[in-house]
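Structure first, commentary second.
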Amino acid sequence: MTLTREEILLLPPGRKLDRWIQEHIFKWIPWAEQRGDYATVVYQKPGEREPYMRTQRWEEAKKRHTIIPYSEIDFLLHAVYGDEDWSAEISAAWRIVERLKTTMDVSVYTDGNGKYASECGRWTVDDCNTAPEAICKSALLAVLNL
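The opening position of the sequence shown corresponds to residue 327 in the working numbering, with each subsequent residue numbered one higher.
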(Lines of atoms letter the chains of each structure in order from A and count residues from 1; the text may use other names and numbers.)
(Lines give C-alpha, C1' and ligand atoms only; values in the text may rest on other atoms or scores of the structure.)
Protein backbone atom coordinates (compact mmCIF):
# COMPACT_ATOMS: atom_id res chain seq x y z
CA MET A 1 0.00 0.00 0.00
CA THR A 2 1.32 3.39 -0.98
CA LEU A 3 0.59 6.08 1.56
CA THR A 4 0.08 9.71 0.70
CA ARG A 5 1.00 12.78 2.71
CA GLU A 6 -2.68 13.68 3.02
CA GLU A 7 -3.61 10.24 4.40
CA ILE A 8 -0.95 10.50 7.07
CA LEU A 9 -1.86 14.04 8.10
CA LEU A 10 -5.61 13.37 8.25
CA LEU A 11 -5.45 10.07 10.14
CA PRO A 12 -6.30 10.37 13.84
CA PRO A 13 -4.16 8.60 16.45
CA GLY A 14 -5.07 4.94 16.76
CA ARG A 15 -4.46 1.44 15.49
CA LYS A 16 -4.08 2.31 11.82
CA LEU A 17 -1.44 4.97 12.47
CA ASP A 18 0.29 2.63 14.94
CA ARG A 19 0.41 -0.14 12.34
CA TRP A 20 1.95 2.20 9.78
CA ILE A 21 4.70 2.99 12.32
CA GLN A 22 5.34 -0.72 12.91
CA GLU A 23 5.45 -1.40 9.18
CA HIS A 24 7.40 1.58 7.85
CA ILE A 25 9.55 2.77 10.77
CA PHE A 26 10.33 -0.42 12.68
CA LYS A 27 9.92 -2.94 9.80
CA TRP A 28 8.01 -5.46 11.91
CA ILE A 29 6.70 -8.46 9.97
CA PRO A 30 3.19 -9.68 10.90
CA TRP A 31 2.71 -13.44 11.03
CA ALA A 32 -0.71 -15.08 11.22
CA GLU A 33 -1.06 -18.42 12.94
CA GLN A 34 -4.18 -20.39 12.09
CA ARG A 35 -5.49 -22.93 14.61
CA GLY A 36 -8.81 -24.15 13.34
CA ASP A 37 -11.21 -21.21 13.31
CA TYR A 38 -8.95 -19.19 15.58
CA ALA A 39 -6.23 -16.92 14.16
CA THR A 40 -3.57 -14.93 15.97
CA VAL A 41 -1.14 -12.32 14.70
CA VAL A 42 2.30 -11.82 16.20
CA TYR A 43 5.17 -9.65 15.00
CA GLN A 44 8.69 -10.62 14.03
CA LYS A 45 11.03 -7.76 14.78
CA PRO A 46 14.28 -7.28 12.83
CA GLY A 47 16.91 -9.71 14.09
CA GLU A 48 14.39 -12.07 15.67
CA ARG A 49 13.69 -15.61 14.56
CA GLU A 50 10.43 -16.50 12.87
CA PRO A 51 7.64 -17.00 15.43
CA TYR A 52 7.23 -20.69 14.64
CA MET A 53 10.89 -21.27 15.55
CA ARG A 54 10.05 -20.47 19.17
CA THR A 55 8.55 -23.93 19.70
CA GLN A 56 10.21 -27.32 20.01
CA ARG A 57 8.08 -28.79 17.24
CA TRP A 58 8.68 -25.94 14.85
CA GLU A 59 8.15 -28.06 11.70
CA GLU A 60 4.50 -28.51 12.68
CA ALA A 61 4.16 -24.89 13.79
CA LYS A 62 5.58 -23.65 10.48
CA LYS A 63 2.61 -25.15 8.64
CA ARG A 64 0.23 -22.94 10.64
CA HIS A 65 2.17 -19.66 10.16
CA THR A 66 2.07 -17.30 7.19
CA ILE A 67 3.17 -13.73 6.69
CA ILE A 68 0.07 -11.56 6.48
CA PRO A 69 -0.07 -8.10 4.89
CA TYR A 70 -0.81 -5.30 7.34
CA SER A 71 -3.89 -4.40 5.31
CA GLU A 72 -5.41 -7.83 6.05
CA ILE A 73 -5.11 -7.68 9.84
CA ASP A 74 -8.66 -7.50 11.17
CA PHE A 75 -9.50 -7.18 14.86
CA LEU A 76 -12.75 -9.04 14.27
CA LEU A 77 -10.89 -12.04 12.84
CA HIS A 78 -7.50 -12.00 14.55
CA ALA A 79 -6.22 -11.89 18.10
CA VAL A 80 -3.26 -9.51 17.74
CA TYR A 81 -0.35 -9.63 20.17
CA GLY A 82 2.45 -7.09 20.41
CA ASP A 83 0.87 -3.93 19.00
CA GLU A 84 2.28 -0.74 20.49
CA ASP A 85 0.37 2.48 21.14
CA TRP A 86 2.87 4.62 19.22
CA SER A 87 0.40 7.44 18.54
CA ALA A 88 -1.00 7.65 22.08
CA GLU A 89 1.79 6.79 24.54
CA ILE A 90 4.72 9.21 24.85
CA SER A 91 7.10 6.47 26.00
CA ALA A 92 6.36 4.46 22.85
CA ALA A 93 6.58 7.55 20.62
CA TRP A 94 9.91 8.44 22.18
CA ARG A 95 11.30 5.13 20.89
CA ILE A 96 10.55 6.45 17.40
CA VAL A 97 12.59 9.57 18.19
CA GLU A 98 15.45 7.40 19.52
CA ARG A 99 15.43 5.31 16.35
CA LEU A 100 15.37 8.24 13.92
CA LYS A 101 17.77 10.61 15.68
CA THR A 102 20.72 8.50 14.49
CA THR A 103 19.93 9.43 10.88
CA MET A 104 18.25 12.86 11.11
CA ASP A 105 17.53 15.76 13.43
CA VAL A 106 14.34 15.23 15.42
CA SER A 107 12.58 17.81 17.59
CA VAL A 108 9.24 18.06 19.36
CA TYR A 109 7.75 21.30 20.64
CA THR A 110 4.51 23.10 21.49
CA ASP A 111 3.14 26.24 19.95
CA GLY A 112 1.49 29.06 21.87
CA ASN A 113 -1.96 27.50 21.52
CA GLY A 114 -1.20 24.21 23.28
CA LYS A 115 -0.80 22.23 20.06
CA TYR A 116 2.20 20.00 19.35
CA ALA A 117 4.61 19.91 16.45
CA SER A 118 7.44 17.60 15.44
CA GLU A 119 10.25 17.89 12.93
CA CYS A 120 12.05 14.87 11.51
CA GLY A 121 14.74 16.03 9.14
CA ARG A 122 13.08 18.52 6.82
CA TRP A 123 9.54 17.23 7.46
CA THR A 124 7.37 19.14 9.92
CA VAL A 125 3.96 18.28 11.29
CA ASP A 126 2.18 20.80 13.47
CA ASP A 127 -1.28 21.46 14.90
CA CYS A 128 -1.49 18.05 16.61
CA ASN A 129 -3.35 17.48 19.87
CA THR A 130 -0.60 15.31 21.38
CA ALA A 131 3.16 14.96 21.07
CA PRO A 132 2.97 11.24 20.13
CA GLU A 133 0.65 12.05 17.22
CA ALA A 134 3.05 14.73 15.93
CA ILE A 135 6.05 12.40 16.30
CA CYS A 136 4.33 9.55 14.44
CA LYS A 137 3.19 11.69 11.55
CA SER A 138 6.47 13.54 11.03
CA ALA A 139 8.39 10.25 11.28
CA LEU A 140 6.26 8.63 8.60
CA LEU A 141 6.59 11.63 6.29
CA ALA A 142 10.36 11.57 6.74
CA VAL A 143 10.86 7.83 6.25
CA LEU A 144 8.52 7.70 3.26
CA ASN A 145 9.95 10.94 1.83
CA LEU A 146 6.54 12.56 1.48
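Positions of the beta carbon are idealized from the N, C-alpha and C atoms, including for glycine.
If you drop the 5 nearest sequence neighbours on each side, which residues of the same chain put their C-beta closer than 6 Å to that of residue i?
i       : result
Ile-394 : Pro-356 and Ala-358
Asp-452 : Ala-443
Thr-392 : Ala-358
Leu-343 : Leu-337, Ser-413 and Cys-462
Leu-371 : Note on identity: in this sequence residue 371 is Lys, with Leu being the wrong assignment. Cβ neighbours of Lys-371 beyond the five flanking positions: Trp-354.
Cutting at 7 Å between CB atoms, please list the residues of its own chain near residue i, excluding the five before and the five after it.
i       : result
Gly-447 : Met-430, Asp-431 and Ala-468
Thr-381 : Ala-387
Helix, strand or coil: which one does DSSP assign to residue i?
i       : result
Ile-422 : helix
Ile-461 : helix
Ser-433 : strand
Arg-548 : Past the edges of the chain, shown from 327 to 472, lies residue 548, and the structure says nothing about it.
Counting C-beta neighbours from all protein chains within 10 Å, is the total for residue i 16 or more, i.e. buried, or is it exposed?
i       : result
Arg-383 : exposed
Arg-345 : buried
Glu-424 : exposed
Going by alpha carbons, who is nearest to residue i out of the options?
i       : options                               : result
Gly-373 : Thr-366, Lys-353 and Thr-381          : Lys-353
Ala-457 : Ala-419, Ile-399 and Phe-401          : Ala-419
Ile-416 : Glu-376, Pro-339 and His-404          : Pro-339
Ile-422 : Val-368, Ile-347 and Gln-370          : Ile-347
Ala-460 : Thr-436, Thr-328, Leu-472 and Leu-470 : Thr-436
DSSP beta-bridge partners for residue i?
i       : result
Trp-449 : Cys-446
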